[in-house]
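Here is the structure we will look at.
Protein chains in written order, with the working numbering: chain A, 840 to 1004; chain B, 840 to 1004.
Here it is as structure tokens:
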């Protein structure tokens, strides 16, 4: 499958190394922990968008994950240094549709790809609400820029057993 | 959305409580840890199918997750007792397509639903290989029985921003 989302234009939003608590008896990252890693990448994106702890306090907003899809493409070993790149797939007044790809640090190989739908929430409700102006001002140019890029091949996939030949 | 997968016929494959390491600053289960929980449910299903530690040693087989989709439907609090039910969606010689639903222990509310594609792997390769006969003998009647049930509404969903009205 072509690794379309390895274009250098995509910003790295998160870097980490695979710790011993996240691997199985073979020393490989367990499936569930890919999503824990991507969750930290979304936290990092919130920080970049101005929703760090101070921003969350000032606005009363946070992001909820509504839905996610993940394709596991390669094993990742304990100790590996990895990075997550962001491609915005869509944006409206209160929702953000993103693709996050996992790569070896500084590399282009796609180890896993997740597609996620995130919702901006006023925690006082909690209820869905429009992004704060300064958050929208960060996200909108990124979404406009990324709309010009090809989408990763995995986006929009529906799982099914291969049909018998 | 109708909670179709709360039919009592679906077997509970895993039970646990939400520990403090899995929650955010609001005391709610973090998005990534739903998938860690479902990963343990798949381990429990492997045990039921005869691929516990002894079975994995005897056959040399294990299961890899190829792909997963998750819908987050309700918040889950620290300390909550929960259970995971299984609905088989498909089965071929070496692949297993499942829906796993998260519920309050003994309850019917669907807190989250994941759809996953699992592959049987001979770890000596590692290479994809047919299920061992005793594993297939466990999975096949379950798949035949579950094929008669309605599928959860979330199965096969493609994520997209709502279209403007």
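Cβ atoms here follow ideal geometry from the backbone N, Cα and C, with glycine treated the same way.
Below 8 Å, too few C-beta pairs join the stretch 968–975 of chain B and the stretch 983–990 of chain B to call them touching: fewer than three.
For the C-beta of residue 922 of chain B, not a single chain A residue is nearer than 7 Å; the gap to the nearest is close to 17 Å. One alpha carbon belongs to residue 965 of chain A, the other to residue 912 of chain B, and they sit about 14 Å apart.
In terms of Cβ geometry, residue 917 of chain A and residue 866 of chain A form a close pair [threshold 8 Å].
Counting only Cβ-Cβ distances below 7 Å, residue 961 of chain A has no contacts in chain B at all, with the closest Cβ about 14 Å away. In this structure residue 1000 of chain B is in contact with residue 931 of chain A, their Cβ atoms being roughly 5 Å apart against a cut-off of 8 Å. DSSP, reduced to helix, strand and coil, places residue 991 of chain B outside both helices and strands of the structure shown, so it counts as coil. DSSP places residue 954 of chain B outside any alpha helix (DSSP H); the residue lies instead in the beta strand (DSSP E), whose first and last residues are 951–961. Annotated three-state conformation of residue 877 of chain B is helix, per DSSP. Contact between the stretch 888–907 of chain B and the stretch 947–966 of chain B is present: three or more C-beta pairs spanning the two stretches fall below 8 Å. In the three-state DSSP reduction, residue 916 of chain A falls in the strand class (E or B).
Listed in chain order, the non-local C-beta contacts of residue 929 of chain A below 8 Å within the same chain comprise 935, 936, 982, local neighbours out to five positions each way being set aside.
Taking C-beta atoms under 8 Å as the contact rule, residue 919 of chain B and residue 856 of chain B qualify, at a distance of about 7 Å. Contact annotation: residue 998 of chain B and residue 908 of chain A have beta-carbon atoms nearer than 8 Å. When DSSP states are grouped into helix, strand and coil, residue 972 of chain A belongs to the helix group.
Exclusion of the five residues before and after residue 863 of chain B leaves 869 as the residues of its chain whose Cβ lies within less than 7 Å of its Cβ.
For residue 897 of chain B, the uninterrupted alpha helix (DSSP H) segment begins and ends at 892–898. In chain order, 910, 911 make up the part of chain B whose C-beta sits under 8 Å from the C-beta of residue 905 of chain A.
Note that the C-beta distance between residue 852 of chain B and residue 884 of chain B is below 8 Å. Within the same chain, Cβ atoms closer than 7 Å to the Cβ of residue 859 of chain A are found at 917, the five residues on either side in sequence being excluded. DSSP places residue 982 of chain A in the helix class (H, G or I) of the three-state scheme.
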